[in-house]
Every structure is written in C-alpha cells, then in structure tokens.
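These protein sequences, in sequence, are chains A and B. Per the numbering used here, residue 261 is the first one in the first sequence, and the count goes up by one each step. Per the numbering used here, residue 28 is the first one in the second sequence, and the count goes up by one each step. Cβ atoms here follow ideal geometry from the backbone N, Cα and C, with glycine treated the same way.
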Amino acid sequence: MDVPPKSSFILFLLFWFPIISSLIAVRSDFGEEEFSEDLLLKPLPDRKVLAHFHFQSRAPLSDSFGRHHHLFPKAISQLVQKFNVKAMELSFTQGRWNYERWGGFDPISSSNAKPPGVELWAVFNVPPSQVDTYWKNLTHSLSGLFCASINFLESSTFYSAPEIAFPPASGNLRYGTLPREAVCTENLTPWLKLLPCRDKAGLSSLMNRPSIYRSFYHSQRLRLTLSNSAADELNSGIVLEQTLTVLLQPQIVGAGMNYGSEKKLQPSWSLSSIFGRKVNGRCVLATSSSVFLQIDGDLFTQLENLQKNTAIYAADDIGAEELTSNHGFELSIKPDRVHKEVEKGSSILYEYEIKEYTDTEQFDLSLTWKHPVVWSSPLPPLHASRFLMGSGNERGAMAISLKQTEPTGGFVCANCVEERCELQVNVLQIVPWYIKVYYHTLQLFVNEQRQAVTDFVEKMRVSPSEDKVSPGLMELVLKFPCDLKSAVLSVEFDKGFLHIDEYPPDANQGFDIPSAIISFPNFHAGLQFPDNSSLSKSPMFSKLQEKSHVLSYTEVLLVPLTTPDFSMPYNVITITCTVFALYFGSLLNVLRRRVEEEKKRLIDEANKKGLLRRVLTKLTAKFRRRSSEDPQPPSASSSSIMSPRLILKVLIVAGIAVVWQYYSR
Amino acid sequence: MAEISESPSKPEEHNPETSLKEEETDSGFDPKTMRKTKPGVKRLILAVSVVFSFILAFPLLWKSIEIYRAPLPFARINSFSAQVESDPLTFPCHFQAIFVGFDSRTSKSFSPNELESSIVKKMTQLSPKASQCGTCSNNHSVSVVVDSGSDCVQTKDYKPGCSWQCGAVDTVNFGAKLKGGDEDADELLWSLLGGCSESGFGGKVYSVLVVNGEGEVRTVVGKYRHAWILGSVSAAEAVSRIAEIFVKVFVNGGKDEGSIHGEFMPVGADGRIVLSFSLLNADPRDRIYDWDFDIIDKTFLQPMIEALQPVADIAVESQVLYHTPKSSFSFWDDKHGSHIFSTKDLPFFVNSNEWHLDTSIAAGGRSKILQFVVYIPSSKECPLQLELPNGEISKTNGFISPMWGGAVVWNPQNCPNDSESLHPVRQMISPQDLQKVTEVLMGQLRQIFGLKSDNLYVGLSGSSTLLGSERGFTEWELDVLFRQHTCFNLGSCATTLGSLSRLVQSLPRMIIMDEIGKQVKFSLEAAKLAQSNASVGVYDTSALSSKQSRSLAEDAFFHPSIMSISYYSFEHCFAVYSPFFLPVSMHVLMGALVEWKRYKKENRKYLAWKNKIKIS
C-alpha cells in the first residue's frame with residue numbers, strides 16, 4: 261500500500277486490461293452461447309463402474325432466439341419458442357436403477373436414475389386452459405425429433421398433472437411415461453446431434469454404441485430450464501442439460517493375480533477397457549471439459565482403515581497429494597485438482613481437465629485396485645418397492661412398501677422439530693384408467709400394525725380416473741416418525757375392460773403401471789465442498805453441489821388383463837346374423853306350410869321307404885351271407901350278379917389311384 | 028296362424044282327392060292333372076309381399092349405412108381445370124415508348140403512329156406464337172410519345188393519367204444527365220415516370236426512353252419499370268431494341284424459358300419458404316469461424332422478404348455447425364495454387380450424413396426449406412476452389428441445387444498452416460467477407476427463383492445492362508415472378524382439385540369432411556379472384572390470391588381425414604351384412620319362386636278341369 265493511488269490504478273489497468281479485453285472478446289465472439297462437457301466416473305460396490313456424461317449448453321434469450329444460433333441447437337430453441345416451454349425433461353432409459361447397490365442418496369441417483377422407458381414432463385408458460393394443447397403438440401414434435409413414439413403421450417389417458425408430490429410441480433406441469441418404449445441407437449443419434457461436436461470430438465467420442473448398449477443400465481436425459489427473470493437480464497437464458505448415465509461392467513483382466521484374491525479384488529479398469537475408446541481431446545467449442553472420478557465416502561473410510569491397518573504409510577495427515585496414489589488403488593494420471601467433501605461421508609472428487617491431445621498421446625484414465633475393498637453406496641432414507649397382490653383377471657391390490665435401510669434404525673435427524681423427529685415422504689402414483697382403483701380401500705401399515713391413514717397423511721390429492729379420458733392420480737404427503745421400521749400402503753383395484761381398438765399389439769403380455777415416485781423432501785442429495793475448491797468452473801461440479809430432493813422410482817408393474825379373442829366382433833356379427841336368418845327363414849317356411857299335403861307326402865315316402873328298407877334288409881342279409889338264417893334264392897342270384905360289378909368298381913378305383921399317383925408325381 | 032287359416036281350405040282341397048275313386052269313373056276327372064277349385068293365392072301373396080318389402084327396404088338400409096360426404100362442386104372444378112388448361116392465363120400489359128430529342132416533323136419515320144405500328148409488329152415477331160401462360164397477352168397496348176422539346180406528339184389512344192410531361196425535360200441536356208451514372212439516371216427517370224405506377228392499368232406501365240445523342244448506343248434497364256436507350260440511334264434500330272426490351276426483358280424476365288416447371292418450384296405448397304442458412308466449419312480443430320447473422324438478416328434479407336411477400340411467406344433462420352467435412356475429396360493444383368474440386372464431383376459435395384442441416388420445426392407441413400450453406404474448408408485443403416467444366420475457376424465459388432438450395436465455399440484470407448494450433452482461435456467473418464458471401468447467396472436465391480444472376484442481357488439487337496436492386500429483385504423482375512407464380516399456382520391448384528375430384532369420385536365409400544368441402548370452395552373462390560385480378564393487371568394481388576388458392580387446394584387434398592385408414596370400404600360393408608342377407612334372401616326368393624310355380628301348376632290343373640267340364 262506504499263504505492264501512490266494513481267500508479268496503483270495504472271498497475272491495476274496493466275494487470276487487468278488483457279484479462280478484461282479477452283473477456284470482452286470472448287463475450288462478443290461467442291454470442292454468449294456456451295457449451296461445456298463433463299464426465300463423472302465412479303466405481304460401484306458391485307464391481308461395476310458408473311459413467312455419467314454431462315453436456316450443458318446455454319443461450320441467452322435475445323431477439324434472435326429461435327432463429328439464429330451459434331452453438332445452441334436450433335431445433336431445441338425453436339421447440340422452446342413454439343411451445344412456450346418453461347422447463348422440460350425427457351429421459352430414455354433401459355434397465356432399472358438398483359438403489360441398494362448403486363446408491364440412492366447421491367446427486368446422480370436422485371436426479372439421473374429414471375424409470376424404464378420414456379419419461380417426459382414439461383412446464384408451459386401459457387394460460388392453464390391451453391396447456392393440454394401445447395403438451396400434445398410438444399409430444400408430436402419430440403417424437404419426430406427423437407425417433408421415438410412419444411406421440412402416444414398425446415392421448416389424455418397417458419398424462420396427468422401432479423401438483424404436490426412431484427418436485428418441480430407448478431400449475432402448468434404435465435407428466436407422462438411410456439414404460440414399454442424400447443431405447444436404442446436411433447434415440448441416441450438425434451440426442452447427439454444436439455451437441456455441437458456430436459460424437460466427433462471431445463468426451464462424447466467415448467460413446468461407443470456396442471459398449472453403451474451392452475451396459476446394465478443406461479439413461480439418456482435431456483433437461484431444459486428457462487430462467488426468465490425480468491430483473492436480471494444477464495441471467496435470463498435457457499439451459500439445456502444433456503446427460504447420459506451408463507453402468508458398465510469392466511472386463512476382469514487379472515493376469516498376475518493369484519486365484520484366491522482375484523475374487524475379492526475389484527476389477528481394475530481404464531477408459532479404453534470399459535468403453536473401447538480413448539479421449540482424443542476436448543471438443544474445441546466447449547468452455548470447460550473435465551473428467552471427474554468420484555470415490556464414495558464409505559469407500560474412502562474403508563481405504564483409510566485399510567491404511568491404518570497395514571500401517572505402511574505412517575502419515576497421519578492425508579493431504580491431497582497423497583490421495584492420488586492412494587493405498588487401495590492407483591490412478592494412471594495425476595489429477596489436476598482434488599476436491600474433498602467437508603462433511604457427511606466426505607467423498608472425494610479427482611478432477612482432470614481435458615486439453616488437446618494428439619493421436620499419439622491420448623487421455624486414458626485407468627484405476628488399478630491394489631487391495632480388496634468392500635464398501636457400500638449411500639442408501640436412500642427408505643427403500644421403496646411396489647408389488648401386486650391378488651390373483652385372477654378380475655381384481656387385485658397394489659402395495660407400496662417403504663423399508664428402513666439403515667440397520668441400526670433412526671435417521672440422522674435431518675429436520676428435528678423440537679423433540680419429534682419426522683420423516684416426510686411424498687408419494688406420486690399414476691394409474692391408467694383400466695386399473696380402477698378404489699381409493700377408499702387405501703390402507704396403511706406402519707411397523708406391521710394397521711394404522712389409520714389420516715394419522716400420517718399430511719396432504720392428499722386424488723383425482724380418480726375417468727374411463728377412456730384420464731388416468732387416476734394419487735398424491736400423498738406422509739409424515740412418519742423417524743423410528744419407522746417399515747410402512748406399507750395398499751390399495752385395491754378392479755381390472756377394467758377395454759374396447760377392442762384400445763388393446764395394444766401383443767396384449768397378452770399385460771399392461772404396465774408406470775413407476776410411482778417416492779421423494780423425500782427433507783433430505784437433500786448434494787455434495788458439499790469447501791468454498792475454495794469451487795475454482796472448478798465445470799457446470800457438473802456445481803450441479804453435484806446443487807441441493808436436490810432425494811427421489812426414487814419404484815418398479816414398473818405388469819398387470820395381466822383379460823384379453824379378448826380379437827376376431828370376436830366378426831364372430832358375433834356372423835353368429836347373430838345366422839340366428840336371425842334361421843329365425844326369419846323358418847318363420848317364412850311356417851307361413852308357407854301346407855300341413856295336409858305334407859302329411860300325404862310323408863305317408864307316400866313312408867311307403868317308398870318301406871320298399872327301400874326291404875331291399876336294404878335283403879342286402880344286409882346278403883352281406884352276412886352264411887350267418888343269415890334263411891339264405892334266399894334272390895339273394896344268391898343278386899350276389900352272383902353283383903360280383904362282376906364289384907370287381908369292376910374295384911378296378912375303377914384302382915385305376916383312379918394309379919392315375920392320381922402318376923399325375924401327382 | 029298359418030295352419031289355422033289353412034284349415035277351411037283343406038276340406039276343399041282334399042275332398043276331391045278322397046272321393047277321387049268314384050268321380051274318376053263318372054266325369055273323367057284326373058286328380059294328377061286337374062282340380063275342381065281355384066288355387067289359393069294367400070301364400071303366394073305372402074311370399075311375394077315379403078320379397079317386395081325387402082326390395083322396398085333396401086334403399087332405406089342403403090341410406091342408413093351411407094357415409095357422410097360433403098358435396099364437392101365437381102362441375103365447377105371441372106370447368107375451372109378445363110379453363111386453366113385450354114386457355115393459358117395472360118395478363119394485360121401496357122408499354123410506352125418515349126422518344127426524346129426526335130422531331131416527328133422533320134423525319135417521317137418518327138411519327139408516333141408509324142413507330143407504334145412498327146413496334147407492335149416487331150413485338151409480335153419476337154413473342155412466341157402460342158400464348159404462354161404467365162406472359163402478356165398478345166394484344167399489346169403500346170403508346171408512343173415523340174418529344175422534341177418544342178413539340179410533343181402522341182399516339183391517338185394515349186391513356187391519360189400517366190402522361191409523359193411534354194417539355195418537362197430539357198431535351199438537349201437530358202442525354203448528358205443520363206450519362207452521368209446509371210443509378211442516378213434511374214432515380215431521375217423514376218421521378219419523371221414514377222407517376223405512372225400510381226395511376227390506372229394496375230399501375231404497371233413499362234416504358235423505354237430513347238434519348239437522341241452522340242456516341243455509341245447504350246441500353247440500360249433500370250430497377251423500376253423503365254429502360255433507356257442513349258446515343259445516336261436510327262428509328263429502325265430503336266424500334267427493334269424497344270421491342271426486344273419489352274418482350275424479352277420486361278415480359279419474360281430476360282430468360283429463355285417462360286413458365287416454371289413443377290419440379291423446380293421453390294415455394295412450398297402452403298406458400299411458405301424457410302431459408303435455412305448454415306455456416307459449416309469443416310474441421311474446427313484449427314480455426315473456428317462464426318458470423319453475425321443478425322446483420323445479414325436485417326440488412327439484406329428483410330427487404331427481399333418484403334418484396335417477395337405476394338409470392339411466398341419467407342422465414343429465415345441460421346445456425347453454425349462443426350465437424351462437417353464434405354463427402355468427396357479435392358486435389359491440389361499447382362497452377363491455381365489451391366485445392367480444386369471439380370464439377371463432376373459436385374453431387375458428392377453435400378454430405379448428408381454429417382451435415383445436420385435439419386428440418387426446421389418452424390417449417391410446418393408442406394413448407395419448402397431451402398438450405399444455404401457456407402462451407403469453410405479445413406486447413407488441410409484451405410484454399411478450396413470449385414472448377415468449372417471448362418477448366419476455369421468459379422468466380423462465385425458456389426453452386427446451386429434447384430430444389431435443395433445453394434452452397435458457397437468461403438476461404439479464409441490467410442489459410443492457417445498445418446502446424447497444429449492446439450488452441451483454436453474463434454473468429455468472426457469480417458463484415459466485408461460476409462457481404463460478399465451474402466451477395467453470392469442472394470444470386471443463388473435469384474437463380475432458384477428462375478432469374479438470371481448476372482447483370483447483362485445479350486439480345487439479338489445488342490446487349491443491355493441490367494441494374495440490380497438492393498432488395499435483390501427489381502420491380503420488373505418481381506412483376507415477372509408474380510405473373511409466373513400466379514400462372515403456376517393456378518395450374519397447380521387446378522390439377523390438385525382435379526385429382527381430388529377424380530379421387531373422390533373413384534372411391535364412393537370414402538368419408539369427406541365438411542372442412543374439405545369448405546377448403547375446395549374457398550380455393551375456387553381465391554382462384555377466381557386471382558383470375559379476375561390478373562385480367563385487370565394487378566399482379567401482386569393476383570399472385571397473393573393464387574398462392575392462397577393453391578395452398579387451400581393442397582390442404583383439401585392432404586386433409587388428414589382423407590389419409591386416414593378408417594374409411595369404410597365396400598368389402599367391409601359386405602362382410603358385415605352378408606351373413607344375414609345371404610341366407611335370408613335365399614329363403615325369401617326360393618319361397619316366392621316355389622309358391623309361384625305351384626300356383627301356376629295348380630292353376631293349370633284347375634283350367635284343365637274347367638275345360639273338361641265345358642267339353643262335357
């Protein structure tokens with residue numbers, strides 16, 4: 261501070277000018293549209309590796325929005341503009357997230373684990389009366405854009421408007437799922453087309469289709485958020501997040517290991533071994549491009565214990581540098597930054613910034629385990645599952661069970677209100693109309709004791725299904741005491757009949773009930789890093805720190821309904837018509853009948869028949885020949901006459917057979 | 028019931044049969060061939076009435092299973108398409124030739140009536156024999172003014188309201204003024220002749236000004252509706268030049284072929300075009316270029332969009348794409364010092380796998396999307412030039428594909444070296460370069476619309492300079508476009524409506540919604556309006572309403588209800604009703620037939636007995 265103020269100002273200018281000018285240049289050049297790419301890798305307890313790609317594009321809401329773009333995908337901006345979308349999320353998922361093994365209390369699982377099939381929700385910036393129209397048009401546009409049958413969500417029987425139990429709930433929200441949608445490359449390619457580098461460069465070049473679609477779970481997601489604050493001009497803009505979450509099983513390449521330890525040792529992996537590709541360099545258009553490696557808190561504690569036990573490293577302070585060549589595993593590349601969480605499990609993030617690599621030098625992060633470790637993922641507060649009860653094609657019941665995950669019982673008191681510790685659970689259950697739920701049969705069992713529902717329900721919103729118009733929707737806000745062991749919600753239903761046109765192809769497979777959403781609004785999944793480590797400007801890093809509700813999806817249920825014989829309408833028509841025709845014809849015949857004449861004819865016929873019968877008895881007698889009581893001369897004569905005829909007939913038949921054989925050959 | 032009613036007749040019928048043995052002998056009665064009573068007609072009436080009631084009820088049934096079909100004006104459609112086919116649409120055009128600095132009294136060849144007749148004669152020679160659709164009708168109205176400064180002579184039928192103000196200009200210095208500069212001269216003439224545009228004839232009068240002067244003869248066509256000829260010109264030469272400008276330039280737009288071919292129509296069926304501009308960075312690893320498209324949009328495209336409004340509604344959008352290599356290779360040429368891409372490889376320039384130009388969501392349904400692509404080659408083939416078939420380098424470095432759009436290769440000023448710059452610089456294309464590129468793109472758009480992109484017209488009697496407009500299209504070019512598009516739209520509307528009526532008539536069991544009927548009606552009305560406007564000579568409004576008629580006709584033809592599979596076929600109808608009607612009709616017909624036969628037989632028996640009685 262000895263320097264006079266003027267010179268300090270000049271110094272200030274000298275120091276800052278290049279930076280300011282470069283900042284200005286960047287601003288004007290980029291048109292303020294930004295793009296960034298990130299990848300998070302995480303070893304999981306069950307020998308799998310989680311890879312989570314995160315791409316984020318931003319665009320300001322200027323006049324030319326929706327018409328002229330530099331980095332932001334034009335298709336999406338036109339979609340936003342045309343349908344007045346305020347927020348939207350679309351996910352394509354294959355496989356089911358295993359909350360017990362892969363974690364249920366971290367940012368990845370609570371915001372990226374999605375129900376199988378397609379899930380779409382959108383918030384519109386239009387008057388409530390027009391929301392449905394906009395939703396229908398949006399579904400059609402999206403199905404064209406992503407080559408998927410999202411347009412089925414157009415029908416009002418497939419979507420609903422949750423208000424209290426769905427996290428981004430607000431007035432103009434519509435939510436719909438298609439559990440049976442198959443997801444494949446044709447959905448990934450249009451998704452990649454929205455990225456400026458597509459899969460030509462940068463982290464997305466890792467997306468080797470065979471390895472992605474061989475994975476145990478993959479979910480591609482697209483989320484749009486429009487921050488339109490009139491006061492803050494700079495921050496008003498649109499953010500497009502595209503994420504791809506893949507669970508991969510690394511190949512076990514334990515060459516030098518002895519057989520016994522190989523079983524326990526986690527499989528070592530590298531980017532090239534799990535994806536079959538390496539990173540060639542960053543996408544040049546991305547403002548930031550980084551790869552993170554996350555070590556779960558529990559794993560870290562296990563490793564620490566291991567270190568203490570082996571006591572090879574006597575270091576009692578665990579600095580960031582030591583962590584890289586940790587005791588239990590080894591990383592091939594030294595990370596650029598290490599972030600350690602301040603509290604709560606204290607997981608560790610290793611950050612690698614991707615720079616330009618050449619063909620000879622490529623980024624191929626590998627992790628080699630040195631000692632067998634066993635750990636567990638952070639579990640959700642309650643484990644949720646859903647199942648069907650009852651049998652037959654007529655009625656059944658559906659139950660959602662919530663179970664305490666911590667074996668000790670009792671939560672870390674998240675929000676203790678005075679003495680009473682409460683656990684809030686929001687349940688959103690959407691049921692198609694052909695499952696006719698009787699909401700009055702809602703029963704609640706807490707700790708295996710039947711309890712009155714009203715004792716635990718804080719808020720409830722039910723909109724019963726309307727046949728062929730809307731699905732049934734049940735939203736519950738439940739408050740349980742913290743020492744809850746288990747809770748079961750059950751509700752009974754009748755299975756409805758569908759019109760013949762409403763059956764999907766392969767109706768015998770059964771009908772899906774979409775996943776219920778269980779959220780825990782008092783629990784926030786989000787990593788907490790000290791402020792000084794926020795040097796990382798990667799959007800994923802801030803996304804991981806974001807406090808989001810812990811959320812889990814239940815299973816999709818398969819309900820068999822009575823399936824008709826699909827040719828039934830024609831059969832019914834034919835049978836009815838035949839009956840009518842019979843009735844009509846016989847009526848007409850009765851009207852025309854002459855009883856006396858018929859009687860006479862009957863008598864005549866009876867006379868004729870008597871003669872015939874006589875002949876017949878003669879003939880049978882002749883065939884019986886010797887066995888007959890009185891062989892009569894006429895019969896003997898007839899037999900002598902018959903024999904050449906018989907021979908002739910046999911000959912003719914034989915001739916026909918020969919000709920047939922000849923021609924048919 | 029039947030049996031009860033039968034009972035009284037039984038004894039009558041059977042008595043003769045029971046007592047047949049005794050009667051046989053006395054009167055020669057044969058029960059096999061004769062009967063004594065009249066045969067009953069009750070059953071016959073019953074059976075026949077059932078048949079008749081079926082026949083009578085059949086129309087009712089037919090009516091009840093009838094499907095709804097909105098009545099379409101088939102007769103009007105047919106007459107409209109017949110009219111469009113047989114009688115090509117032509118517009119009335121008015122021409123005016125003004126001779127400044129010539130004296131009609133000194134030389135007889137400069138008398139207005141003489142000049143008029145010779146111009147008309149020449150024009151008839153030049154214009155094609157059969158009147159083409161979208162051109163001016165053959166009865167040209169040509170008026171001639173000869174202004175010598177002191178004296179001013181006009182043809183007799185000179186229309187008032189759009190008169191050349193005689194003596195308004197100084198005939199001696201006028202030529203010098205016009206020589207100053209083409210743009211200024213154009214504006215000067217616009218101020219003198221501009222009044223014509225506001226007056227009658229739909230405001231369209233094409234004028235050619237012949238100014239007597241020295242030096243070589245020079246012809247300039249302005250950006251409004253006038254041209255001028257300057258220099259020492261004889262009457263005959265002036266007449267042939269005037270006629271050529273009228274027929275070839277003002278009427279035909281300076282091109283050889285007259286009307287638009289259907290497959291080269293750049294406007295979508297709903298009258299919309301989306302111009303999608305894309306900047307393609309073939310390999311962004313070396314250098315990234317960006318553009319400020321807002322400037323292009325505001326300064327270049329908006330005026331053009333306004334000008335073309337009667338022909339098409341145009342929307343503009345742009346994007347920048349990266350990692351978009353072309354799909355064929357170029358080769359290095361030392362002579363030109365650049366990479367050469369030859370014309371024969373042009374079909375493989377556009378790489379539809381990697382260029383995600385995308386269909387726009389803004390373009391709904393049947394809009395036409397024209398893609399305009401600015402391609403920046405990668406550093407490996409940086410100066411990339413397109414080679415013409417004759418071995419020369421293309422000046423515009425671009426090409427068009429008629430229904431797809433256009434592409435321009437833009438080479439950065441200093442190509443980045445092959446030295447791998449690890450941190451690519453993001454650069455804006457400079458406004459000057461951007462303007463050049465945009466001009467090429469505008470020329471391509473003009474070509475797609477069927478106009479010439481160069482500014483010289485070479486005719487039989489000398490060449491003339493064509494002035495360009497800052498709107499991209501000059502007034503007279505727009506007139507040509509309006510006329511041709513009106514013609515094309517009406518033709519297309521007629522064919523679409525014709526096929527719709529044929530389709531509807533060929534499928535008698537197809538549901539036709541009321542909306543289709545309405546669309547057809549409105550389409551016909553719009554077409555009629557276009558025709559009447561055309562006959563008056565209001566080009567832009569007729570183009571506008573013809574556009575409407577075409578899009579309405581297309582809407583009717585491609586109405587989703589026509590496309591739907593739920594149309595109720597005759598086979599279906601047959602399958603539903605035949606299980607009832609087939610067996611029942613058999614019963615009914617057989618019953619009636621049997622009863623009729625029996626009645627005839629019995630009646631014959633009765634008659635035979637009658638005869639027998641008579642004889643005996």
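Secondary structure note for T485(A): its beta strand (DSSP E) is the uninterrupted segment 477-487.
Rounded to whole angstroms, the separation of the alpha carbons of N372(A) and A776(A) is 16 Å.
By the rule that beta-carbons nearer than 7 Å mark a contact, Q398(B) does not touch chain A. Against chain B, the beta carbon of P456(A) has neighbours under 9 Å at P311, V347, L348, Y349, H350, listed in chain order. Here DSSP, grouped into helix, strand and coil, assigns T417(A) to coil. Under the DSSP assignment, C837(A) falls in the alpha helix (DSSP H) whose first and last residues are 828-851.
Of all residues in the stretch 611-629 of chain B, only V611, H614, V615, G618, E622 come within less than 7 Å of chain A when Cβ atoms are compared, listed by chain position. Restricting attention to L71(B), D174(B), P58(B), the CA atom closest to the CA of V621(B) is found in L71(B). Here E806(A) is exposed. Its C-beta has fewer than 16 other C-beta atoms within 10 Å. The bridge partners DSSP lists for S530(A) are S626(A). A distance below 8 Å between beta-carbons, with the five flanking residues on each side excluded, links K63(B) to the following residues of its chain, in chain order: P43, F56, Y633, W636. K574(B) is positioned such that its CB atom lies closer than 7 Å to that of G298(B).
For the options L331(A), F315(A), E441(A), the alpha carbon positioned closest to that of P764(A) is the one of E441(A). Excluding the 5 residues flanking it on each side, R245(B) has same chain C-beta neighbours closer than 7 Å at L257, G258, in chain order. Residues of chain A with a Cβ closer than 7 Å to the Cβ of D385(B) are, in chain order, K334, A335. V737(A) is a Cβ neighbour of N686(A), given a cutoff of 7 Å.
When rounded, the separation of the alpha-carbon atoms in N849(A) and E856(A) is 15 Å. F375(B) counts as exposed, since fewer than 16 other C-beta atoms from the protein chains shown sit within 10 angstroms of its C-beta. Among the CB atoms of chain A, none fall inside 7 Å of the CB of F291(B). Across the set G364(A), G326(A), L331(A), the C-alpha of G364(A) shows the shortest separation from the C-alpha of L304(A). The alpha-carbon separation between S475(A) and F332(A) amounts to approximately 29 Å. Secondary structure note for A254(B): its beta strand (DSSP E) is the uninterrupted segment 253-258. For P606(B), the nearest beta carbon of chain A is closer than 7 Å to its own beta carbon. Using beta-carbon distances, L350(A) does not count as an interface residue toward chain B, since no partner is under 7 Å.
Per the C-alpha coordinates, the member of T449(A), S369(A), F840(A) positioned closest to Y813(A) is S369(A). Between I403(B) and R96(B), the CB-CB gap reaches or exceeds 7 Å. If you draw a straight line from the Cα of F771(A) to the Cα of L702(A), it comes to about 22 Å. In terms of Cβ geometry, S168(B) and H121(B) form a close pair [threshold 7 Å]. The Cβ atoms of Y484(B) and G281(B) lie closer than 7 Å to each other. Listed as beta-bridge partners of Y233(B) by DSSP are F122(B). The DSSP-derived three-state label of E865(A) is helix.
The CB of T445(A) never comes closer than 7 Å to any CB in chain B; the least such distance is about 14 Å. Less than 7 Å divides the Cβ of K374(A) from the Cβ of S479(A).
In the DSSP assignment, C600(B) falls within the alpha helix (DSSP H) that extends over 597-642. Apart from the 5 residues on each side of it in sequence, K745(A) sits with its Cβ closer than 6 Å to the Cβ of Q664, N707 in its chain, given in chain order. In terms of Cβ geometry, G432(B) and F476(B) do not form a close pair [threshold 7 Å].
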